[in-house]
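Position 72 of the sequence shown, counting from 1, maps to 71 under numbering that gives the first Met the number 0, and the rest follow consecutively.
Even glycine gets a Cβ: it sits at the ideal position worked out from N, Cα and C.
Owing to the predicted nature of the structure, the values given are computational and were not obtained by experimental measurement.
Step one of this worksheet: look at the structure below.
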Amino acid sequence: MPLLNTLLNRYSIPLLIGIIVLILMLIPAIKPSLIYDRGLIESGEFWRLVTANLLHTNWIHLLLNVGGMGLIWLIFWDVTNKKWQLTFIALPILLNTILLFFFSPDLERYVGLSGALHGTIIAFGLADFATNKLTSIGLFIGVSIKLGWEQVYGSSASVEKLISASVAIDAHLWGAVAGVVTGILYLLMEKRSQITSEN
0 MPLLNTLLNR YSIPLLIGII VLILMLIPAI KPSLIYDRGL IESGEFWRLV TANLLHTNWI
60 HLLLNVGGMG LIWLIFWDVT NKKWQLTFIA LPILLNTILL FFFSPDLERY VGLSGALHGT
120 IIAFGLADFA TNKLTSIGLF IGVSIKLGWE QVYGSSASVE KLISASVAID AHLWGAVAGV
180 VTGILYLLME KRSQITSEN
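Have a look at this one:
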């Protein structure tokens, strides 16, 4: 039981999000009301900016994203407190689709957590930079190469076949930008907290 309690405490955030995306996957009738649909968002259905991140095209798409989220927490679970861990996923979920809406006008529809997860991993990398510089730099280089490749050459045809949809590469780009914003916010707040405690 102590091990179970430790795991539940350590992975409570990805577990909660995993349960939410699983429930939504099991209720396909609700999907049309929650996807990112540019026209309907312009008509005032702003909740879609959040809910689109929690939907997936098929089970493989869901498993790829939930698995990726679990891997991020496996690596970075001890970087900061629960409040910031939640912020590292919640803020990219919101900012990613807002940036998509304003800066990728050609994208009409979108679902998936991968854009936000690009932001989450960047935010964790920034938060962990002072402790593990080499790991963080390697992560930033890897993500930058991936994003650059996608922007120049497009997404992998094999991934598109797996998820039965085109990969929204701009979601990955804007998700990463959201992660930079989130990570910088964390660093600024931590710096402010240190200054306050020293005075």
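The count of Cβ pairs closer than 8 Å, one atom from the region 77 to 97 and one from the region 120 to 129, reaches three, so the stretches are in contact. The beta carbon of P13 sits closer than 7 Å to the beta carbons of M68, G69, W72 from its chain, once the five residues preceding and following it are set aside; these are given in chain order. Under the DSSP assignment, G114 falls in the alpha helix (DSSP H) whose first and last residues are 113 to 126.
Assigned with DSSP and collapsed to three states, D169 falls in helix. Ranked by Cα distance from M188, the options A115, K82, G174 are led by K82. Closest in C-alpha terms to A167, from the list N131, V180, G153, G178, comes G153. Two segments are said to touch when three or more pairs of C-beta atoms, one from each, lie closer than 8 Å; by this definition the region 94 to 107 does not touch the region 140 to 156. If you draw a straight line from the Cα of K145 to the Cα of P27, it is about 31 Å long.
Runs of the alpha helix (DSSP H) lying entirely within the region 37 to 120, each at least 4 residues long, are 37 to 41, 47 to 50, 58 to 75, 81 to 102 in chain order. The shortest C-alpha to C-alpha distance from N8 to any of L116, W76, S42 is the one to W76. Here DSSP, grouped into helix, strand and coil, assigns Y10 to coil. Judged by DSSP secondary structure, G141 falls within the alpha helix (DSSP H) whose first and last residues are 132 to 152.
Nearest to T96 by C-alpha distance, out of I22, V176, L3, is V176.
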